[in-house]
Structures are given as structure tokens and as C-alpha cells.
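Have a look at the structure below, then the notes.
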Amino acid sequence: MKSGALRVNSGKVKFVTQFGTRRMEFPGALVGLVHVFDLATGSLRGIIHDFYINPIRVACTSALGAKYMARSDCRVMGLLGTGWQARWHLTAMTSVRKFQRINIYSPNPEHRTRFVKQQQERTPAVEFVAVDSGEKAVRDADVVVAATNAIEPVMKGEWVKPGAHVVSISGGDRLDQRKEIDEETVTRSSLVVVNSKVQVELDEQHDILPAIKSGQVSMDQILELSQIVGKAASRRRAPQDITFHFNNTGMGIQFAAIGARMIDAAEAQGIGTRLPYTWRGRSV
Numbered sequence: 710m711k712s713g714a715l716r717v718n719s720g721k722v723k724f725v726t727q728f729g730t731r732r733m734e735f736p737g738a739l740v741g742l743v744h745v746f747d748l749a750t751g752s753l754r755g756i757i758h759d760f761y762i763n764p765i766r767v768a769c770t771s772a773l774g775a776k777y778m779a780r781s782d783c784r785v786m787g788l789l790g791t792g793w794q795a796r797w798h799l800t801a802m803t804s805v806r807k808f809q810r811i812n813i814y815s816p817n818p819e820h821r822t823r824f825v826k827q828q829q830e831r832t833p834a835v836e837f838v839a840v841d842s843g844e845k846a847v848r849d850a851d852v853v854v855a856a857t858n859a860i861e862p863v864m865k866g867e868w869v870k871p872g873a874h875v876v877s878i879s880g881g882d883r884l885d886q887r888k889e890i891d892e893e894t895v896t897r898s899s900l901v902v903v904n905s906k907v908q909v910e911l912d913e914q915h916d917i918l919p920a921i922k923s924g925q926v927s928m929d930q931i932l933e934l935s936q937i938v939g940k941a942a943s944r945r946r947a948p949q950d951i952t953f954h955f956n957n958t959g960m961g962i963q964f965a966a967i968g969a970r971m972i973d974a975a976e977a978q979g980i981g982t983r984l985p986y987t988w989r990g991r992s993v
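Letter by letter, the sequence shown follows residues 710 to 993 in this note's numbering.
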């Protein structure tokens with residue numbers, strides 16, 4: 710069944726500085742609601758809490774990019790962040806590459822120590838290492854994932870080794886000027902991929918726009934993830950190339966795909982609350 714999705718979001722944000730890093734903080738437990746529709750009939754199939762679906766769809770998109778852009782012989786991953794996005798990125802990334810060691814960095818020592826302990830218990834076959842700087846997490850990593858609330862760069866392009874694949878999920882806009890990576894991360898990359906090129910300019914996304922405005926990177930050189938997955942464009946050209954996936958925006962197709970699967974699973978298991986048809990339709 711073909712499905713479409715509409716997300717209605719509610720949120721509150723404040724900006725704080727902790728451990729020398731300026732980042733966003735989300736007080737309370739406000740959530741969005743994802744409405745999933747049957748495209749054949751236009752009827753509402755279901756309404757889903759976005760608290761769990763959101764980090765899953767972000768992480769799955771990052772992993773999809775890594776599947777097609779990261780080297781097949783990756784052994785070390787560097788993860789910047791220990792929040793909910795970071796947790797789901799671990800799950801997604803380890804499903805597409807077999808890592809032997811994962812370096813974990815958070816500016817909060819307690820957070821990174823606790824995170825490493827939790828992940829080591831969950832996945833004993835992989836070595837998890839808490840490091841005390843972003844540079845130590847990145848230097849020897851084959852795949853680097855920045856999954857933070859930072860609004861100032863938490864990683865530098867000079868740390869990235871040849872052949873590495875880098876992911877950033879910040880994707881801010883004019884009012885939410887997040888920036889996880891520096892300009893050199895973009896300019897050193899032989900392949901730069903985004904979810905949506907239109908969104909880069911529309912939202913004036915500062916992770917990547919300065920490199921474009923300075924002329925170091927052309928918008929024509931940047932590809933969309935759909936081109937990579939659909940083989941409409943070349944992927945990694947050489948083993949030593951640095952590839953960069955800017956997971957820059959949420960897209961309706963992500964919510965539709967995951968939402969439809971969740972509703973199918975809920976119906977099969979008989980869980981959830983069934984809404985009366987009178988709430989979803991009208992008589993003529």
C-alpha cells in the first residue's frame with residue numbers, strides 16, 4: 710500500500726553552554742505527531758508519536774548513505790554525541806558495517822562513560838572506547854558520525870583521515886543556526902551528498918553554505934542521496950577519497966516509509982488504539 714505522511718511538530722528550545730560547547734537543549738517532553746495516509750484513497754491510516762520514529766528515520770538515512778559511500782573495509786567508527794540520536798546511529802551504522810572499535814566522545818565525562826558502559830553491555834563483540842576529545846574520536850576513524858545538538862563546530866576537517874566517510878545530522882535553518890562541522894570538512898571531501906539541495910539554500914544551512922558562498926564548493930558538485938542510492942551518480946571514486954553526507958533535513962518520504970511499516974506491524978499484532986471511522990471521514 711502506498712502511503713504519504715504529514716508531521717505536526719511542537720517544540721521549545723533554549724541555548725546553553727556546557728563544558729565549553731554551545732548547544733541546544735530541549736526542556737520538557739513535547740512531541741510531534743505523524744499522520745500517515747493511504748495515497749490510493751486519501752484516508753488516514755494512523756497517527757504516530759514522532760518521539761521514537763524521528764531518531765530512527767534520521768539514523769536509517771545516515772546508514773543508507775554509509776552503505777553506498779563508506780569503504781567496505783571499515784573497522785573503526787568515531788561517534789560525537791551520546792544522546793538519543795547517537796544511540797540510534799550506533800544501531801543503524803553497525804547494521805551496514807562491521808566495526809571492531811567505536812570511539813565515543815561527549816564533552817560531558819559522565820555521559821560518555823555511562824554511554825560506553827551501556828553499549829559495551831549491549832554489544833560485547835565490539836570495543837567501545839570513551840575518549841576525552843573530539844579529535845581522539847575522529848583521527849583514526851573510518852566512519853565519523855556527528856550526532857549532537859552543537860551550534861558551533863565539534864569537529865575539524867583536518868582531523869579526518871584519507872578514505873574516511875563523515876556524517877553530520879545538524880541541518881539547521883535561518884532561525885536555528887546549528888553547525889557541527891567546520892568548513893574544511895566540506896572542502897576536503899571529494900564527494901559531498903545531501904538529502905535535499907533545495908533545503909541547503911532555503912534554510913541557509915551553515916554547515917555547508919559558507920563553502921559554497923566562498924566558491925570552494927559548487928552547488929553543481931553536490932549530489933542528493935537519491936542519486937547515490939539510485940546509481941544515477943558515481944559513488945566513491947577512490948579508496949583515499951573523503952566522502953561527506955550532510956543528513957540535512959527530514960523528508961516526508963522518510964516518515965511515510967517508516968510510518969507505514971509501523972502501522973502494518975501494529976495492525977498485525979493488534980496493538981494501538983483504533984480511531985472511529987467517523988473521526989476520519991465524512992458522509993456526503
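Glycine included, C-beta positions come from ideal geometry on N, C-alpha and C. Remember, predicted model here, so these are calculated numbers, not experimental data.
- Taking every protein chain shown into account, the CB of leucine 984 has fewer than 16 other CB atoms within 10 angstroms, so this residue is exposed.
- In the structure shown, threonine 952 falls within a strand segment according to DSSP collapsed to helix, strand and coil.
- Taking C-beta atoms as the reference points, asparagine 956 and isoleucine 878 count as a pair closer than 9 Å.
- Assignment of valine 853 by DSSP, reduced to helix, strand and coil, places it in the strand class.
- Exposure of isoleucine 980 is indicated by the presence of fewer than 16 other C-beta atoms within 10 angstroms of its C-beta.
- Take the alpha-carbon of tyrosine 777 and the one of leucine 932: they are about 13 Å apart.
- For histidine 874, the secondary structure class from DSSP, reduced to helix, strand or coil, is strand.
- In this structure glycine 787 is in contact with valine 853, their Cβ atoms being roughly 5 Å apart against a cut-off of 8 Å.
- Approximately 21 Å separates the beta-carbon atoms of alanine 772 and valine 825; this is outside 8 Å, ruling out the contact.
- Cysteine 783 and valine 901 have their C-alpha atoms spaced approximately 19 Å apart.
- Going by beta carbons, glycine 939 and valine 745 fall outside the 9 Å limit.
- A distance below 9 Å separates the beta carbons of threonine 896 and alanine 920.
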